[in-house]
DNA sequence: GCGACAG
DNA sequence: ATCTTGTCGC
């Protein structure tokens, strides 16, 4: 499959693929989780995507991969997938094994057309995915408690699209929404299960470091790159 | 027409 | 996203 270069084609593709999203949980709990994220190099001309695989429930990193792909789409709010997904997919393919779950740095269902980056990656790769964004794209919500674990529904046009989740006491919350093959209810629980002492869950926190050019130590150093 | 707007 | 160190506070 190739990726659209124009906004109108991208919008049409989201409308077509949104029908493929399935929001039901897998029968088995995930035993591995991959965090993915994209960074930029070459003055923004190239996406450097990272995928870090962790074992559950201990969250130990077991593998990592990096991929470089030329940028082919401008940054347009709600069309982030077309900028980062190609590179993220390449990184996931080089991981050596398919993760049981993928956590993305961006929205899933909490998107104008209900098809954020996490949904796109999930449908494309046919993998369970969750979106965990640092800021809001759409939706409203009630104030939430100040303690770790506090959570409130993210609503939009009368329907719940995700959760606003406080992963650390006294720190800005994250915006969690299911991407594919994960239920709204379990999405927040899985993100909490992947979070330790930082605001972001370990999978995306580590993927962000790798995508930003930093180093992450993986015990059995089986990393790949391209 | 005026804001809002994942990374 | 990205340019960037130390510092204040729980």
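Numbering (my numbering), first residue to last: 259 to 484. For every residue, glycine included, the Cβ atom is placed at its ideal position computed from N, Cα and C.
Neighbourhood of residue i by C-beta, 6 Å cutoff - its chain only, sequence neighbours within 5 removed
i, result
"residue 419", "367, 368, 397, 412, 435"
"residue 431", "422, 423, 424"
"residue 465", "293, 294, 295, 308, 310"
"residue 409", "421, 423, 446"
Collapsed DSSP secondary structure at residue i in the structure displayed
i, result
"residue 347", "helix"
"residue 337", "coil"
"residue 436", "strand"
"residue 330", "coil"
"residue 463", "helix"
"residue 414", "strand"
"residue 420", "strand"
"residue 353", "coil"
"residue 451", "helix"
"residue 406", "coil"
"residue 389", "strand"
"residue 310", "strand"
"residue 443", "helix"
"residue 376", "helix"
"residue 265", "helix"
"residue 469", "helix"
"residue 305", "strand"
"residue 381", "helix"
Proximity below 9 Å, CB of residue i to CB of residue j
i, j, result
"residue 325", "residue 352", "yes"
"residue 277", "residue 320", "no"
"residue 459", "residue 390", "yes"
"residue 292", "residue 337", "no"
"residue 433", "residue 393", "yes"
"residue 462", "residue 362", "yes"
"residue 208", "residue 357", "Nothing can be reported for residue 208, as the shown portion of the chain is limited to 259 through 484."
"residue 271", "residue 451", "no"
"residue 364", "residue 400", "no"
Cβ shell of residue i (< 8 Å), same chain only, five flanking positions each side left out
i, result
"residue 349", "294, 307, 308, 309, 323, 324, 325"
"residue 388", "359, 360, 361, 362, 366, 376, 434, 435, 436, 437, 440, 445, 448, 449"
"residue 327", "304, 305, 307, 344, 345, 348"
"residue 475", "319"
Per-residue burial, residue i [other beta carbons within 10 Å of its own, 16 or more giving buried]
i, result
"residue 282", "exposed"
"residue 445", "buried"
"residue 483", "Because residue 483 sits at a pLDDT of 44, beneath the cut-off of 50, its placement in the model cannot be relied upon, and the point is left open."
"residue 372", "buried"
"residue 297", "buried"
"residue 311", "buried"
"residue 334", "exposed"
"residue 415", "exposed"
"residue 344", "buried"
"residue 453", "buried"
"residue 443", "exposed"
"residue 374", "buried"
Same chain, Cβ closer than 7 Å to residue i, five either side skipped, listed in chain order
i, result
"residue 381", "275, 278, 279, 438"
"residue 480", "Confidence is the limiting factor: at residue 480 the pLDDT is only 43, short of 50, which leaves the residue's position unreliable and the question unanswerable from this model."
"residue 340", "261, 262, 268, 331"
"residue 284", "386, 439"
"residue 428", "404"
"residue 299", "306"
Original post:
Of all the beta strand (DSSP E) runs that stay within the bounds of the region 268-300, which reach a length of 3 or more residues?
Top reply: 290-299
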